[in-house]
Amino acid sequence: MVKETSTYSISELAKEFGVTTRTIRHYEELQLLLPERQGQKRIYSLADRIKLKLIVRGKRIGLSLQESGELIHMYEPGRSNVDQLERTVEYIGASRQKLSQQLRDISTMLDELDKAETGCKAELESLRKAANKE
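Residue numbering for the sequence shown is 76 to 209, as defined by this note's numbering.
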């Protein structure tokens, strides 16, 4: 269940999105998230939570952190985000092409494995028959 407040701790966000606190700190290093600090404690805003959600979703659909970061930085509240959406569509198309190629490659590899397995089984059967004749 999502906590309905305007601030979050690193552990709350890590738990909610299924990532480690180290992962969140890595996103900070890349300046994808910019929490406020109270002493040593990081305080994440609702905007940070939304950015983390977009990063996690982007990773799930095959976007790099750089691509997700670009899309996040393109967003301007209260303005038309046509450029951001167009870029998102471009990235989705590229990701789809990459995944389609990977599917073709996997299919080819499976075919090769089937052929190799069939050949090995035939050779094994032949060797067993020859051994039984001796």
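Positions of the beta carbon are idealized from the N, C-alpha and C atoms, including for glycine.
Just so it is clear, the structure is predicted and the values come from calculations on it, not from any experiment.
TODO: Note the first and the last residue of the continuous alpha helix (DSSP H) segment covering I136.
DONE: Where I136 is concerned, there is no enclosing alpha helix (DSSP H), given that its DSSP letter is neither H nor E.
TODO: Between the Cα of K16 and those of L185, T82 and G93, spot the shortest distance and give me the residue it belongs to.
DONE: Because the chain here runs from 76 to 209, residue 16 falls outside it and cannot be looked at.
Task: Paired residues, beta bridge with T96 - DSSP - done: Per DSSP, none; premise fails for T96.
Open item on the list: Just to confirm before moving on: does the CB-CB distance between S81 and L129 stay below 7 Å?
Closed with: No, Cβ-Cβ distance for S81 and L129 is not below 7 Å.
TODO: Compare the Cα-Cα distances from E125 to each of S143, S139 and Q115 and report the closest residue.
DONE: The sequence given here places Ile at residue 125; Glu does not occur at that position. Residue S143 is the option with its Cα nearest to I125.
Task: For S120: DSSP bridge partner residues - done: Assignment of beta-bridge partners to S120 by DSSP yields T82.
Task: CA nearest to the CA of E145, picked from R154, I136 and T163 - done: The alpha carbon of E145 has as its nearest neighbour, out of R154, I136 and T163, the alpha carbon of T163.
Open item on the list: Does R154 come out as helix, strand or coil in the three-state DSSP assignment?
Closed with: Looking at R154 - three-state DSSP - the assignment turns out to be coil, as it is neither helix nor strand.
Task: Terminal residues of the beta strand (DSSP E) in which E111 lies - done: E111 to Q113 is the extent of the beta strand (DSSP E) around E111.
TODO: Measure the Cβ-Cβ separation of S175 and I136 and say whether it is below 7 Å.
DONE: Going by beta carbons, S175 and I136 fall outside the 7 Å limit.
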